[in-house]
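In this note's numbering, the protein residues as written are 11 to 74.
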């Protein structure tokens, strides 16, 4: 049974934020992670998520 999120990762992501020209893994999250993560690199999705967390922290989103 796939873990949470794995089903979506197996599909092609039409909103892939990768800007690398000619990326052969464009939209394929699982292949992208397999390509980048073993080398300590982050995928475009991971970088985007980190930037969003930083923006939220600066703007106070989620704080009362």
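Even glycine gets a Cβ: it sits at the ideal position worked out from N, Cα and C. Here the structure is a predicted model, which means the values were calculated and not measured.
Verify whether the separation of the beta carbon atoms of residue 41 and residue 47 is less than 9 Å. On the chain shown, residue 41 is found 31 positions in, with the first residue counted as 1. On the chain shown, residue 47 is found 37 positions in, with the first residue counted as 1. No.
Would you call residue 11 buried or exposed, if buried means 16 or more other Cβ atoms sit within 10 Å of its Cβ? Locating residue 11 in the chain shown gives position 1, counting from the first residue. For residue 11, the predicted structure reports a pLDDT of 46, less than 50, and the residue's modelled location is therefore unreliable. A value from the coordinates is still provided. Classification for residue 11: exposed.
Does the count of Cβ pairs from the region 53–60 and the region 21–35 closer than 8 Å reach three? The region 53–60, when compared against the region 21–35, does touch it at the 8 Å Cβ threshold.
In three-state terms, what does DSSP make of residue 23? Against the chain shown, residue 23 aligns to sequence position 13. Residue state, collapsed to three classes: coil.
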